[in-house]
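Engineer:
Numbering (my numbering), first residue to last: 1 to 295.
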């Protein structure tokens, strides 16, 4: 079992991106024991290389597929048997999506929500039960600025993040009675393979599937809108792009805070973006702004 002065941190989706960078960052600190999980252990090579001297010392790679109930139950039981607790759960595993609203199939929608919402919430349910018994813990959801603001051509991905934001906000006041904090971390564009993947023609964000032509079967106006949006918004994304390490540092600060905030934007640019929601209750201003990017 981990020493009492060491926080046991579980991170989902660590084969790349924010999950990998956060796991490596925390593992360098002596007061964290990081259980870095991923769906497919065949993809652990990058994490092993990045972990270097912390591998199997303060960073341990384990298998966990949050889209499968059996995998969740097995992992949680094994972790509490071996460690006695989970102090911090970082829900990072997620799939992206890019395409036209009317072209995404039911199967693609279900796959996206299964990982980003249902799988995330199921492991959280299992861990929260144990945290309540200990009256201590921190649940961190890696959301997105897209969880509070709209983003064209990623309708269903944005929908999954909006769902998480609402549930996180509803959980937070109740769990404080058990000394359990809930934080929703809201990055903007991050320079990881995740961002690269959703800019491709992946439509439903289903990992391992062949890319498809997301413009197939749509009208010329819609096709041109998508291309115009990517061409116009691409430079904006580049200007506000962060690294996975940047986001990892924000997450570390959240963990180390005595009273973590419910929502944390990962940069000043994203804070400004979040403020737009608060001063535009009708949503008209932001809708008009986004519409201009499609013209």
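Glycine included, C-beta positions come from ideal geometry on N, C-alpha and C. Predicted model, so just to flag it, every value in this text is computed and none were measured.
Ignore the nearest five residues each way along the sequence and tell me which others in residue 280's own chain have a CB closer than 7 angstroms to its CB.
Structural biologist: Counted from its first residue, the chain shown places residue 280 at position 280. Once the five neighbours on either side are set aside, the close Cβ partners of residue 280 are 286.
Engineer: Nearest to residue 221 by alpha carbon, out of 294, 171, 253?
Structural biologist: Translated into positions along the chain shown, residue 221 becomes position 221. Here the closest residue by C-alpha is 294.
Engineer: Please go through the segment 28–95 and give each complete alpha helix (DSSP H) segment of 4 or more residues, from N-terminal end onward.
Structural biologist: Here the runs fully enclosed are 45–51, 69–83.
Engineer: Quick check on residue 115: buried or exposed, where buried means 16 or more other Cβ atoms within 10 Å of its Cβ?
Structural biologist: Walking along the chain shown from the start, residue 115 turns up at place 115. Buried.
Engineer: When DSSP labels each residue in this structure, what does residue 160 get in the three-state scheme?
Structural biologist: Residue mapping note: residue 160 aligns to position 160 of the chain shown, counting from 1. DSSP places residue 160 in helix when its eight states are reduced to three.
Engineer: Is residue 140 closer than 8 angstroms to residue 86 when the C-beta atoms are compared?
Structural biologist: The sequence position of residue 86 within the chain shown is 86, counting from 1. The sequence position of residue 140 within the chain shown is 140, counting from 1. In this structure, residue 140 does not lie closer than 8 angstroms to residue 86 by Cβ.
Engineer: Mind checking which residues open and close the beta strand (DSSP E) that includes residue 9?
Structural biologist: For the purposes of this step, residue 9 is taken as residue 9 along the chain shown, with counting starting at 1. Where residue 9 is concerned, the enclosing beta strand (DSSP E) stretches over 7–11.
Engineer: According to DSSP, is residue 177 part of a helix, a strand, or is it coil?
Structural biologist: Counting from 1 along the chain shown, the entry for residue 177 is found at position 177. Of the three classes helix, strand and coil, the one that applies to residue 177 here is helix, per DSSP.
Engineer: Can you pull the DSSP bridge partners for residue 139?
Structural biologist: Against the chain shown, residue 139 aligns to sequence position 139. DSSP output for residue 139 lists 89, 182 as bridge partner(s).
Engineer: Find the nearest neighbour of residue 257 within the set 17, 3, 180, judged by alpha-carbon distance.
Structural biologist: Here residue 257 refers to the residue found at position 257 when the chain shown is read from its first residue. Nearest of 17, 3, 180 to residue 257, Cα basis: 180.
Engineer: Considering only the alpha carbon of each residue, which of 232, 156, 80, 27 lies closest to residue 134?
Structural biologist: Within the chain shown, numbered from 1, the residue matching residue 134 stands at position 134. Comparing Cα positions, the closest option is 80.
Engineer: Whose CA, out of 136, 246, 268, 187, lies closest to the CA of residue 259?
Structural biologist: In the chain shown, counting from the first residue as 1, residue 259 sits at position 259. Out of 136, 246, 268, 187, 136 has the C-alpha closest to the C-alpha of residue 259.
Engineer: Could you tell me whether the Cβ atoms of residue 172 and residue 185 are closer together than 8 angstroms?
Structural biologist: Numbered from 1 along the chain shown, position 172 holds the residue referred to as residue 172. Numbered from 1 along the chain shown, position 185 holds the residue referred to as residue 185. Not in contact: residue 172 and residue 185 (Cβ atoms no closer than 8 angstroms).
Engineer: Quick check: what's the CA-CA separation for residue 262 versus residue 34?
Structural biologist: Here residue 262 is taken as the residue at index 262 of the chain shown, counted from 1. Here residue 34 is taken as the residue at index 34 of the chain shown, counted from 1. Between residue 262 and residue 34, the C-alpha separation is close to 23 angstroms.
Engineer: With contact counted as at least three CB pairs below 8 angstroms, one residue from each stretch, are the segment 265–284 and the segment 237–256 in contact?
Structural biologist: A contact exists between the segment 265–284 and the segment 237–256.
Engineer: Considering only their Cβ atoms, is the gap separating residue 229 from residue 150 smaller than 8 angstroms?
Structural biologist: Reading the chain shown from its first residue, position 150 is the one you call residue 150. Reading the chain shown from its first residue, position 229 is the one you call residue 229. Taking 8 angstroms as the Cβ cut-off, residue 150 and residue 229 do not qualify as a contacting pair.
Engineer: How about residue 147 and residue 93: are their beta carbons less than 8 angstroms apart?
Structural biologist: On the chain shown, position 147 is the one that residue 147 refers to. On the chain shown, position 93 is the one that residue 93 refers to. No.
Engineer: Would you give the residue range spanned by the alpha helix (DSSP H) that residue 249 belongs to?
Structural biologist: For the purposes of this step, residue 249 is taken as residue 249 along the chain shown, with counting starting at 1. Looking at the DSSP string, the run of the alpha helix (DSSP H) that includes residue 249 is 244–256.
Engineer: With distances taken from CA atoms, which of 51, 290, 57 is nearest residue 225?
Structural biologist: In the chain shown, residue 225 corresponds to position 225, counting from 1. Closest by alpha carbon: 290.
Engineer: Going by DSSP, which residues form a beta bridge with residue 263?
Structural biologist: On the chain shown, position 263 is the one that residue 263 refers to. DSSP output for residue 263 lists 184 as bridge partner(s).
Engineer: Could you tell me the boundaries of the alpha helix (DSSP H) in which residue 123 lies?
Structural biologist: Position 123 of the chain shown, counting from 1, holds the residue named residue 123. Segment 120–134, the alpha helix (DSSP H) holding residue 123.
Engineer: Can you tell me which residues form a DSSP beta bridge with residue 190?
Structural biologist: Reading the chain shown from its first residue, position 190 is the one you call residue 190. Answer is 242, bridged to residue 190.
Engineer: Can you give me the C-alpha to C-alpha distance between residue 76 and residue 253, rounded to a whole angstrom?
Structural biologist: Here residue 76 corresponds to residue number 76 of the chain shown, with the count starting at 1. Here residue 253 corresponds to residue number 253 of the chain shown, with the count starting at 1. Rounded to the nearest angstrom, the two C-alpha atoms are 25 angstroms apart.
Engineer: Using a Cβ-Cβ cutoff of less than 6 angstroms, which residues in the same chain neighbour residue 109 once the five nearest sequence positions on both sides are dropped?
Structural biologist: Locating residue 109 in the chain shown gives position 109, where the first residue counts as 1. Once the five neighbours on either side are set aside, the close Cβ partners of residue 109 are 156.
Engineer: From what residue to what residue does the alpha helix (DSSP H) around residue 287 run?
Structural biologist: By one-based count along the chain shown, residue 287 stands at place 287. 284–292 is the span of the alpha helix (DSSP H), which, as asked, contains residue 287.
Engineer: What are the boundary residues of the alpha helix (DSSP H) that residue 384 is part of?
Structural biologist: One cannot answer for residue 384 here, as it falls past the ends of the chain, which runs 1 to 295.
Engineer: Residue 20 and residue 244 - do their beta-carbons sit closer together than 8 angstroms?
Structural biologist: One-based indexing of the chain shown puts residue 244 at position 244. One-based indexing of the chain shown puts residue 20 at position 20. Against a cut-off of 8 angstroms, the Cβ pair of residue 20 and residue 244 comes out as a contact.
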